[in-house]
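Asker: Each number in the working numbering comes from the position in the sequence shown (counting from 1) with 56 added on. Where a beta carbon is used, it is the ideal one built from N, C-alpha and C, also for glycine.
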Amino acid sequence: MNTPIDKLPDISMDINALYREEVYSDRRMGVLRVLLPVKADGSADTARATVFSGEAQLMTSIGALPISFDIPAATFKEAMAAYGTASRAALERTMQELQELRRQAASSLVIPPSGSSLGGMGGLGGLGGGGKIQMP
57 MNTPIDKLPD ISMDINALYR EEVYSDRRMG VLRVLLPVKA DGSADTARAT
107 VFSGEAQLMT SIGALPISFD IPAATFKEAM AAYGTASRAA LERTMQELQE
157 LRRQAASSLV IPPSGSSLGG MGGLGGLGGG GKIQMP
C-alpha cells in the first residue's frame, strides 16, 4: 500500500557539494553568509570557490519580506565591500517583481464560462443557458 511518505523524493545530501557556513552581521543592516567548501571528512576543499551570500529585509504592509542574494566576490573583504551594491540590486529586483504581481492582479479579468447565467435568474447556473431543458 502506497502512503504519502512512499511518494516523497529521495532526501539525501550530495557528499561532493558540502559547505560549512559562517554568518556575519552588523546587527543593523543585514547578514553576510560565507559558505566554505569542505570535503566529506570536514576538511577544507581548496579546489572549490567560497560562496558569499547576503540577506536583507524589505518591510511591507504584511510584514518583513526576507531577501537573499548572491554576492560576486573572491574574498571576504570584497564581499563586505560589495554587500551594499548586491543588496540594492536584489531589492530593486524584488520591487519590480512585486510591481509586476500587482499589475497582473489588477488586470486579471474573471470571465464566466460560456453559457453561464451569472447575475441572471437563479444566480450561478440558474435557468438561463447551458442547461439540458430547452424552451422552444
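For G48 and A112, I'd like the C-alpha separation in whole angstroms.
Answerer: Since the first residue shown for the chain is 57 and the last is 192, residue 48 is missing from the structure and cannot be characterised.
Asker: Got a sec, what are the start and stop residues for the alpha helix (DSSP H) T141 sits in?
Answerer: F132 to S163
Asker: Could you tell me the distance, in whole angstroms, from the CA atom of R76 to the CA atom of A162?
Answerer: 44 Å
Asker: Kindly indicate which residue of G110, P60 and K63 has the alpha-carbon position closest to the one of S81.
Answerer: G110
Asker: On the three-pair Cβ rule with 8 Å, is the segment 83-101 touching the segment 67-75?
Answerer: yes
Asker: Here's the rule I'm using: 16 or more other beta-carbon atoms within 10 Å means buried, otherwise exposed. How should R84 be labelled?
Answerer: exposed
Asker: Who pairs with R89 in a beta bridge, going by DSSP?
Answerer: V79 and S109
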